[in-house]
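Working notes, beginning with the structure itself.
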Amino acid sequence: MKIIVDTDFWIEDVLAVTFLCSCKEVEIVAITLVAAEAPMEIITTNIEKIMTFLGEKSIPIHVCSPYNMSGVIRSTNYHGPKVLGDVELPESEVKVNRGMSSVEALIHYSKKYPNEIRALFIGPLTNLALAFLIDPEFPTRLASITILGTDRRDKNKFMHFYTAEFNSRCDPLAYVILKENISKLNVPITIIDTAACVAARLPLDLAEGLKDLKNQTSEINKHLDIFIMFLDRNNEHIKKYYHSNGIQTTDLFAAVGLVNDSIFKSIKKVNITNVVTSGWREGQVEYEDNTEGTLDLVDEIDSNLTFDMIVQKLNKCPIL
0 MKIIVDTDFW IEDVLAVTFL CSCKEVEIVA ITLVAAEAPM EIITTNIEKI
50 MTFLGEKSIP IHVCSPYNMS GVIRSTNYHG PKVLGDVELP ESEVKVNRGM
100 SSVEALIHYS KKYPNEIRAL FIGPLTNLAL AFLIDPEFPT RLASITILGT
150 DRRDKNKFMH FYTAEFNSRC DPLAYVILKE NISKLNVPIT IIDTAACVAA
200 RLPLDLAEGL KDLKNQTSEI NKHLDIFIMF LDRNNEHIKK YYHSNGIQTT
250 DLFAAVGLVN DSIFKSIKKV NITNVVTSGW REGQVEYEDN TEGTLDLVDE
300 IDSNLTFDMI VQKLNKCPIL
């Protein structure tokens with residue numbers, strides 16, 4: 000299974016990428032970075048260190064413009080000044096590819112492996128939209144497109160106070176391109192609704208279970224170590240993901256679902272009817288259920304099966 004991961008590489012993205020690296024059936028063809036909250040130099044330094052720590056030194060990593068389609072990046076400092084919750088990491092031996100941008104890489108690899116690549120977008124859709132605008136045939140050369148983003152607030156009591164989901168709010172114009180153009184092409188598109196991820200959540204004892212798993216072997220398992228580090232409830236930034244009913248980790252659901260879509264308990268056919276591009280609701284994406292719809296919208300996830308998948312994959316990827 001060939002995959003490209005397009006990511007803004009926050010804490011949740013680290014877990015998603017690490018999970019995919021642990022899957023023997025997955026070949027990560029490339030990682031393409033996209034602008035979101037943090038400056039691109041911080042994001043590139045972080046991913047270089049993470050991939051070095053994991054021993055994943057052969058995966059090409061591509062960088063992008065520090066802007067979105069509106070030309071504005073808003074920083075909230077939610078995950079700390081270095082984005083990854085101030086987790087200390089060793090110096091990097093991996094370097095990003097600055098000779099080919101993220102958008103160029105998406106187009107390049109789609110031509111190199113036509114109809115083979117499953118593209119996973121777990122950040123804003125800037126690169127997807129720009130790649131389409133440059134090469135309108137680009138999406139049709141992908142085997143599938145999976146998107147983590149938007150939320151059906153009317154279906155989710157936990158998210159009624161947000162203006163819009165983060166990824167769609169970061170670059171609503173990219174979602175307009177998805178609505179008006181990409182969704183009408185001949186390529187399977189799955190959108191994993193953030194509201195569904197929030198409603199599912201992973202068990203609160205996930206980190207403790209992974210620590211027990213680590214203690215059962217003397218083998219070095221860096222992928223498991225990353226999960227333990229980035230699920231540390233004592234970290235002031237990471238503990239924000241812990242809620243009374245579980246751990247909120249949306250990007251990880253997207254990664255696991257790409258490998259095994261049986262974790263998706265309910266998928267509806269939908270169309271996008273509106274994307275709000277300004278005002279306090281900027282980034283809100285509205286859907287209509289339609290049996291002839293062009294998009295698959297995941298609105299229910301099996302968190303227990305997801306948990307089992309995570310443990311199974313992490314348990315099989317020691318670095319001796």
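Position 319, counted from 1, in the sequence shown is what numbering that gives the first Met the number 0 calls 318; the numbers after and before it change by one each time, with no gaps. Every residue, glycine too, gets a C-beta built ideally from N, C-alpha and C.
DSSP-derived helix/strand/coil call for residue i
i, result
"V275", "coil"
"N185", "coil"
"K56", "coil"
"H236", "coil"
"K221", "helix"
"F157", "At F157, the pLDDT of 48 sits below 50, so the modelled position is not reliable; the number obtained from the coordinates is stated separately. Three-state DSSP puts F157 in coil, outside helix and strand."
"I262", "helix"
"T289", "Residue 289 is actually Asn in this sequence, not Thr. Correct three-state label for N289: coil."
"T145", "strand"
"C196", "helix"
"N180", "coil"
"V86", "coil"
"A254", "helix"
"I10", "helix"
"T31", "strand"
"N201", "Here residue 201 is Leu; the residue named in the question, Asn, does not match the sequence. Looking at L201 - three-state DSSP - the assignment turns out to be strand."
"I246", "strand"
"V269", "strand"
"V95", "coil"
Boundaries (first-last residue) of the beta strand (DSSP E) holding residue i
i, result
"S64", "Run containing S64: none; DSSP gives neither H nor E here."
"Y108", "Taken as a continuous stretch (DSSP letters only), Y108 belongs to no beta strand (DSSP E), being part of the alpha helix (DSSP H) at 101-111."
"R117", "116-120"
"D5", "1-6"
Buried or exposed (CB count within 10 angstroms, at least 16 for buried), residue i
i, result
"Y174", "buried"
"N233", "exposed"
"D204", "exposed"
"K156", "Interpretation of K156 is limited by its pLDDT of 49, a score under 50 that renders its predicted location unreliable; the figure taken from the coordinates is listed afterwards. Exposed: under 16 other Cβ atoms inside 10 Å."
"N114", "exposed"
"Q283", "buried"
"N185", "exposed"
"E90", "exposed"
"D260", "exposed"
"P38", "exposed"
"P65", "exposed"
"P187", "exposed"
"N303", "exposed"
For residue j and residue i, believed in contact at Cβ under 8 Å, the rounded distance
i, j, result
"F252", "T305", "6 Å"
"F120", "L88", "No, F120 and L88 are not in contact; Cβ-Cβ is about 25 Å, not under 8 Å."
"D5", "A118", "7 Å"
"I262", "I219", "Between I219 and I262 the Cβ distance is about 28 Å, and since that is not below 8 Å, they are no contact."
"V324", "I30", "Outside the displayed range of the chain (0 to 319) lies residue 324, so it cannot be described from this structure."
"L172", "S69", "6 Å"
"E126", "S101", "First, the amino acid is wrong: residue 126 is Asn here, not Glu. With 8 Å as the limit, N126 and S101 qualify as a contact, their Cβ atoms being about 5 Å apart."
"A34", "C63", "6 Å"
"T193", "E164", "5 Å"
"A206", "F18", "In fact, because the Cβ distance is near 15 Å, the residues do not count as touching under 8 Å."
"I42", "L32", "6 Å"
"Y112", "K23", "That belief does not hold up - the Cβ atoms of Y112 and K23 are roughly 19 Å apart, past 8 Å."
Extent of the continuous alpha helix (DSSP H) run through residue i
i, result
"V25", "No alpha helix (DSSP H) contains V25, which DSSP labels as neither H nor E."
"I300", "Segment 294-300 is the beta strand (DSSP E) holding I300; no alpha helix (DSSP H) there."
"I72", "That residue, I72, is in no alpha helix (DSSP H); it is neither H nor E in DSSP."
"A206", "205-214"
"F165", "165-169"
"T125", "125-133"
Inter-stretch contact at 8 Å, needing at least 3 Cβ pairs: the region 294-312 / the region 266-278
yes
Within the chosen definition, does the region 8-17 reach the region 128-136 through at least 3 CB pairs nearer than 8 Å?
no
For the region 138-146 and the region 93-100, state whether three or more C-beta atom pairs, one from each stretch, are separated by less than 8 Å.
Short answer: they don't touch.
At least 3 beta-carbon pairs within less than 8 Å: the region 270-279 vs the region 175-183:
Because the criterion of three Cβ pairs below 8 Å is met, the region 270-279 and the region 175-183 touch.
Does the region 205-213 come close enough to the region 223-242 to have 3 or more Cβ pairs within less than 8 Å?
yes
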